[in-house]
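K.L.:
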Amino acid sequence: MQFRTVLTMSLCVTLAACGGNTEPPPAVSSTNFSDTLRTALETASEGDVIDIPTGTFEFKRSLTLNTDGVTIRGAGMDKSILSFKGQIAGAEGLAVNASNFTIEDLAIQDTIGDALKVNEGSNIVIRRVRTEWTRGPNVNNGAYGIYPVQTTHTLIEDSVAIGASDAGIYVGQSQHVVVRNNRAEFNVAGIEIENTVHADVYGNTATNNTGGILVFNMPQIPLRGHSTRVYNNDIISNNTKNFAAPGTAVSGVPAGAGIVINSNDRVEVFENRISNNNTANILVSSYFSVNYAGQRELATEFDPYPEEIFIYDNEFSGGGSIPGRDELVRVRDSVYGVDGALPDIIWDGIVNPNKAADLAVICVDNGSAEVLNVDTENQFANPRVNMDNHNCTMDKLPPVVLGGR
Amino acid sequence: MYDLNSALFTDYALKLRTIHLPQHSSGRYQPFAAFDLPTGTVISKTFFYQTDTNGNIKLDGVWNGDPSELGSESTRLIETRLLIKQEHGWDALPYVWHGEDADLAITGALLSLPVAPDRRINYLVPSRNQCAGCHATNHSNGEILPIGIKARHLNRKNPVTHQSQLLEWQNRGWLSHIPKLTEIPRNAPLDGSGELAHRARSYLDINCGHCHSTTGAADTSGLFLDYRPHDAASLGVCKPPIAAGKGTGGHLYSIVPGKANESILSFRMKSEDPASMMPELGRSLSHTQGAKLIDEWIDSLTGQCR
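Chains U and Y supply the protein sequences, listed in that same order.
Counting from 1405, one number per residue, gives the positions in the first sequence under my numbering.
Counting from 45, one number per residue, gives the positions in the second sequence under my numbering.
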């Protein structure tokens, strides 16, 4: 046992993916506490604080909380571990349908589906929580790690998300969201903001994902997302082969994507350190060019075009040298040569035909960084850089203010 | 005791359904929503299987509606779910049977039931919160409501008396404001000879519609399967998934007209993987008959996804 502990610790020093670097909790599971926790969740009253002690606790079926105003608090994300390795029922680890909810200092591991799903509710705090699939990237891992959907006033901070087969941190259909100081790695999408209004994403590290930080809009959803700020993040070497299930939105994300903005509006990207993402450090695209559905017939109310994208004062380095899609490799070869690299920002170039031709879709004020229009609409026939089209500025978005607590 | 036209699939369990209203009280008919029922109403649903001589449960049991069979040796009682109308609203309470007694099981249970000498199934008794997962049909306010106690599900003959259930309820004084029987909607039984689309929509309504409605927990998906008049895209036709994960089965759309084998809906109904299957809870097996009906319906649809 002593030997094993020492070995684990020495491995953790060298492996970035290692979840914990403090003493591992006892491997012995306490079935008793697993039952205690389930009972506490099922019988909770508003104001309850449910403490999770140090230890690894195993569950065969999902946990559900429906009571407002509950706090779940562990002893640390590497100490209090809810393990779903043997899960045989339920589509997530912990499902929360409640407001004024706080969860902190614990880990949810190896769930069969999503790890932590919060469906509707306001004033949601997810702090120092780790969600992880311990076998590493695998298509059979659950889709989402930390997954609030249809929430308002949501804070996700100081958390860690590893190994999700879709997005490590996925905020869907929510309003007033702060995602800060988290680490997302070895997911298909590190952090994804989708159909969400007013999100601030800052201080995060996204590395070794397929795509680092995604800002998306999907059709058939009442809430159309806009107004997201992505700033002061480290978005480094997101080059992991895409391991998402085919058919999912993120399965179309090419490996080596730093930031991907798709069909979303009013997105501000600034003061990030974005490096060595092998397709491009930033990709901007319409719904049409991401290969997930290929459909052009969309509900009239859906706006598939990204607009009002403002990119400034980022530190770029490396990237673009091994594009993750064949068409982009050919573009790179034809414009920059086989030993060249795509520029920091690539764009599918598809704009709303009903709007003025000179409408600024992407404004860039970022030193020597260039935008390559890859001309997706014409089968990549005429890829080109014209920075005059991007020499513009936009009003900056105000910070997100979280209400409630 | 009552029965439904088309029922929720629960690993081929047989179900005894009862409803009791307090004396001299009455509920009110609703054309689409669950009936308004008085405080003190108790609805029960008992899940049971017929068994063979070795105690293995039968997945192909047929029950004629005779309640005395539930006490026989060739029957295994599994669980009883109660919905009780209190002053503050409905409470959902799961009970698990141990021989002849049933105990309250707020946290639910995971049972391993023998189907054959070398085969068992994992049968999930939902916890109280998981009951709300289906019965909070308005997920925003979380209020628990009955699902089956609706005109279109109940508009049929009682399995024992062979009289119209709704007329029986009316004659007992249990239900007011009932229109003429001909004006009451009626869902189709799974195995009836009714129109294919009607049978398919009826099946999706009772199996999926409590979450997949514009107010349900699955409104996040934009896929609506309750029996309201939804447009084709909301029903899934050529609709890309939102957050299905590997539940896509590698497919691009919920429904590809004419191609059940390329449709996510069919894939998820046939899946027995908890991360992919639909519904998410309440079954560990795929419903062969139900999946076949939906396949036939999708295969009958025309059109193309572009």
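Virtual Cβ for every residue (Gly too), placed ideally from N, Cα, C.
Bear in mind the structure is a predicted one, so any value in this text is a computation, not a measurement.
Could you tell me if U:T1614 is buried or exposed, where buried requires 16 or more neighbouring beta carbons within 10 angstroms of its beta carbon?
P.N.:
So U:T1614 ends up on the buried side.
K.L.:
Examine chain Y for any beta-carbon lying closer than 8 Å to the beta-carbon of U:E1524, and answer yes or no.
P.N.:
Yes, because at least one Cβ of chain Y sits closer than 8 Å to the Cβ of U:E1524.
K.L.:
Among residues of its own chain, excluding the 5 on either side of U:A1801, which ones have a beta-carbon nearer than 7 Å to its beta-carbon?
P.N.:
Residue identity differs from the one stated: residue 1801 of chain U is Leu in this sequence, not Ala. Within the same chain, U:L1801 has close Cβ partners S1631, R1633, R1670 and E1672.
K.L.:
Given a limit of 7 Å on CB to CB distance, which residues of the region 182 to 214 of chain Y reach chain U?
P.N.:
The residues in question are H183, S184 and G186.
K.L.:
Return the bridge partner residues of U:T1609 from the DSSP annotation.
P.N.:
Answer is U:R1587 and U:D1638, bridged to U:T1609.
K.L.:
Could you give the distance in angstroms between the alpha-carbon of U:E1508 and the alpha-carbon of U:K1483?
P.N.:
Rounded to whole angstroms, U:E1508 to U:K1483 spans 12 Å at the Cα level.
K.L.:
Going by DSSP, name the residue or residues bridged to U:V1775.
P.N.:
Looking at the DSSP assignment, U:V1775 forms a beta bridge with U:I1749.
K.L.:
What residues of chain U sit near Y:H295, judged by a beta carbon separation below 9 Å?
P.N.:
Near Y:H295 (Cβ distances below 9 Å), the residues of chain U are P1650 and G1651.
K.L.:
Along chain U, in chain order, which residues have C-beta atoms closer than 7 Å to that of Y:P285?
P.N.:
Those within 7 Å of Y:P285 in chain U are G1651 and T1652.
K.L.:
Drop a sphere of 10 angstroms on the beta-carbon of Y:M371, count the other beta-carbons inside from all chains shown, and report buried for 16 or more, exposed for fewer.
P.N.:
Absent from the model: residue 371 of chain Y. The displayed extent of chain Y is 45 to 350, so no value can be given.
K.L.:
Return the first residue and the last residue of the beta strand (DSSP E) that Y:Y139 is part of.
P.N.:
Run containing Y:Y139: G133 to H142, per the beta strand (DSSP E) assignment.
K.L.:
From the DSSP secondary-structure annotation, give me the bridge partner or partners of Y:R72.
P.N.:
Paired residue(s): Y:D80 and Y:S220.
K.L.:
Just to confirm, are U:L1810 and U:W1751 a CB contact at a threshold of 8 Å?
P.N.:
As shown, chain U starts at 1405 and ends at 1809. That puts residue 1810 of chain U outside it, with no answer to give.
K.L.:
Quick one: residues in its chain with C-beta nearer than 6 Å to the C-beta of Y:A276, no 5 flanking neighbours on either side, listed in chain order?
P.N.:
The answer is none, since no qualifying residue turns up.
K.L.:
Y:F91: buried (16+ other C-beta within 10 angstroms of its C-beta) or exposed?
P.N.:
Looking at its Cβ environment, which holds 16 or more other Cβ atoms inside 10 Å, Y:F91 is buried.
K.L.:
So, at 7 Å on beta carbons, what are the nonlocal neighbours of U:P1803 in its own chain, with the 5 sequence-adjacent residues on each side left out?
P.N.:
D1604.
K.L.:
Taking Cβ positions only, does U:I1625 come closer than 8 Å to chain Y?
P.N.:
Judged by the 8 Å Cβ criterion, U:I1625 is in contact with chain Y.
K.L.:
Mind listing the chain B neighbours of Y:E117? Cutoff is C-beta to C-beta under 8 Å, in chain order.
P.N.:
No chain B appears in this structure, whose protein chains are U and Y.
K.L.:
Just grab the DSSP bridge partners of U:N1718 for me.
P.N.:
Answer is none; U:N1718 lacks a bridge partner.
K.L.:
Report the partner residues of Y:P158 according to the DSSP bridge assignment.
P.N.:
Paired residues: Y:R164.
K.L.:
Quick check on U:R1628 - is its C-beta less than 8 Å from some C-beta in chain Y?
P.N.:
It does not: the Cβ of U:R1628 has no partner Cβ on chain Y nearer than 8 Å.
K.L.:
Could you check what DSSP says for Y:Q209 in three-state terms: helix, strand or coil?
P.N.:
Three-state DSSP puts Y:Q209 in a helix.
K.L.:
Using CA atoms only, rank isn't needed, just tell me which of U:D1452, U:N1681 and U:L1445 is closest to U:G1728.
P.N.:
Of the listed residues, the one whose Cα sits closest to U:G1728 is U:N1681.
K.L.:
Are the Cβ atoms of U:V1657 and U:N1646 separated by less than 8 Å?
P.N.:
Yes, these two residues count as a Cβ contact at 8 Å.
K.L.:
In chain order, what residues of the region 1456 to 1467 of chain U put their CB closer than 7 Å to some CB of chain Y?
P.N.:
Taking 7 Å as the Cβ-Cβ cut-off against chain Y, the residues of the region 1456 to 1467 of chain U that qualify are K1464 and R1465.
K.L.:
When DSSP builds the beta bridges, which residues end up paired with U:F1461?
P.N.:
In DSSP, U:F1461 forms a bridge with U:L1486.
K.L.:
Give the single residue among Y:F311, Y:S246, Y:A77 and Y:L337 whose Cα lies nearest to the Cα of Y:N182.
P.N.:
Answer by Cα proximity: Y:A77.
K.L.:
Quick one: does the C-beta of Y:S257 sit closer than 7 Å to a heavy atom of the ligand ATP?
P.N.:
The ligand ATP is absent from the structure shown, which contains no ligand whatsoever.
K.L.:
Report all residues from its chain with a CB closer than 6 Å to the CB of U:N1782; omit the five preceding and five following residues, and keep chain order.
P.N.:
Taken in chain order, the list of residues that qualify is empty.
K.L.:
Could you tell me which chain Y residues have their CB closer than 8 Å to the CB of U:I1617, listed as they occur along the chain?
P.N.:
Here the premise fails: no neighbours, minimum Cβ distance about 17 Å.
K.L.:
Across which residues does DSSP place U:G1525 in a beta bridge pair?
P.N.:
U:G1525 pairs with U:T1555.
K.L.:
If you draw a straight line from the C-alpha of Y:G347 to the C-alpha of Y:P301, how long is it?
P.N.:
Roughly 6 Å separates the two Cα atoms.
K.L.:
Answer yes or no: do Y:D270 and Y:D249 have a C-beta to C-beta separation smaller than 8 Å?
P.N.:
Yes, they are a contact pair.
K.L.:
Is Y:P301 close to chain U? Criterion is C-beta to C-beta, closer than 8 Å.
P.N.:
Taking Cβ atoms only, chain U never reaches closer than 8 Å to Y:P301, which makes this a no.
K.L.:
By DSSP, does Y:I150 sit in helix, in strand, or in coil?
P.N.:
If DSSP states are grouped into helix, strand and coil, Y:I150 belongs with coil.
K.L.:
Taking 8 Å as the CB-CB limit, is Y:N305 close to chain U?
P.N.:
Answer no: the Cβ-Cβ gap between Y:N305 and chain U never drops below 8 Å.
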